Amino acid sequence: MSSSISDYKSFSNDDSGKWSSEKYPSLDEPKALKEFFDEEGYIVIRNAIPKSLCRAATNAFLTEVKPKVNYFFLRHESGTSERHVFTKEGFMKYPIMNIQDLRSKSFQSFRQQSLNLLTHDTIRRTIGVIFGTAGQLIHTMYFDGNQQTWAHRDSNYIDSEEIGSMVGVWVAAEDIHPGAGRFYVYPGSHRLQLPWEQADLELDPNGRNYKEGMKEYLKTSGLKRVAPALRQGDLLLWSSRVIHGSLETTDPRYSRRSFTAHYIPESHNFIWFHKYKGSKESILVNGVKVALHRDQTKWWLQMRYRIKQYFPGVVRLAAGMVRRWR
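Counting in the working numbering, the sequence shown runs from 114 upward without gaps.
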């Protein structure tokens with residue numbers, strides 16, 4: 114007997130910390146999966162990634178990346194390369210961005226295990242069902258602790274050239290403790306226009322007006338927040354236009370080890386802050402095209418980051434001289 118989308122409507126707005134029992138269509142029901150995703154703007158796939166692969170990737174982080182306290186990694190929070198900042202409990206506070214660009218042998222295992230996880234067959238097939246075609250991986254992140262991400266739409270930052278076509282993938286690399294800051298979504302929000310969008314205004318998604326405007330909108334929108342309980346190996350996929358974020362960390366003793374990927378159809382280019390980007394380089398991992406950006410491990414880049422960190426006055430002086438010469 115075939116399933117319809119109405120069979121999967123009973124999800125829970127569960128912020129209480131109990132393992133939830135929402136029912137979602139599986140890959141064995143591709144039509145229902147696609148219908149659910151198109152309607153709700155997100156979906157959860159349980160037990161999608163082998164636990165052994167999750168452990169291999171996080172162990173590689175602990176042995177290769179976390180000890181590099183003087184290394185500069187590209188950060189999602191600031192968009193610049195910075196050294197690790199740790200919480201009082203010892204977790205890396207700000208996620209690393211674009212793992213595929215850690216091309217040094219020093220990070221070989223972390224890079225390979227992470228990409229194996231983010232291009233796993235279950236992800237590849239789920240993306241194929243949603244897109245109706247092959248996807249390419251354009252952006253990745255690794256979280257150790259939780260920085261608490263405000264409610265936002267990915268499409269305000271990064272998307273396919275066909276806005277709304279990008280899909281995010283969040284992989285729980287461990288059982289996510291309720292107090293560690295769970296991922297949440299607002300189902301159905303991908304089909305709605307925000308007030309400033311209706312007024313044809315463009316707000317800085319990192320700015321105060323955007324954050325406050327989103328808070329006020331969500332208070333009166335009638336949208337329901339869903340924060341699924343995710344165990345090691347579970348996936349949450351969402352539309353680039355779905356409003357989402359992470360809950361506040363209420364128990365900082367627990368990590369939030371997880372990976373994020375952003376996929377677009379293989380034939381599309383991507384845009385970053387509404388500007389066309391594309392990528393001149395790519396690699397193939399498990400049959401998935403992975404876009405490469407700038408090699409973060411180039412010695413001269415690391416040197417530049419160090420100079421900027423330790424001698425900011427020299428950098429400002431040099432920048433001023435360059436402007437005067439132009």
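Glycine included, C-beta positions come from ideal geometry on N, C-alpha and C. These numbers come from a predicted model, not from an experiment.
- Within the segment 149 to 232, the runs of beta strand (DSSP E) at least 3 residues long that lie entirely inside it are, in chain order, 155 to 158.
- Rounded to the nearest angstrom, the gap between the Cα atoms of R304 and R354 is 8 Å.
- The Cβ atoms of A285 and S227 lie no closer than 7 Å to each other.
- The residue among G400, N259, A264, K144 with its C-alpha nearest the C-alpha of P291 is N259.
- With distances taken between CA atoms, R366 lies nearest to E202 out of E202, E394, E195.
- With a cutoff of 7 Å on beta-carbon distance, V401 and W351 are scored as not near each other.
- Ranked by Cα distance from L231, the options G248, R216, F244 are led by G248.
- Between S368 and D257, the gap from beta carbon to beta carbon is short of 7 Å.
- DSSP, read as helix, strand or coil, puts V242 in helix.
- Short of 6 Å from the beta carbon of M254, and not among the five residues preceding or following it, lie these beta carbons of its own chain, in chain order: H189, P208, M210, T373.
- Note on geometry: alpha-carbon atoms of R338 and E329 lie some 14 Å from one another.
- A distance below 6 Å between beta-carbons, with the five flanking residues on each side excluded, links T262 to the following residues of its chain, in chain order: G358, S359.
- In this structure, H265 sits away from H375, with a CB-CB distance that is not shorter than 7 Å.
- Taking C-beta atoms as the reference points, V282 and I236 count as a pair closer than 7 Å.
- By the C-beta density criterion, D347 is buried, having at least 16 other C-beta atoms within 10 angstroms.
- In this structure, the beta-carbon distance from S273 to I396 does not fall below 7 Å.
- Among the bridge pairs identified by DSSP, Q261 is matched with none.
- Rounded to the nearest whole angstrom, the CA to CA distance from A342 to T362 is 14 Å.
- Per DSSP, reduced to three states, the secondary structure at H387 is coil, with no helix or strand assignment.
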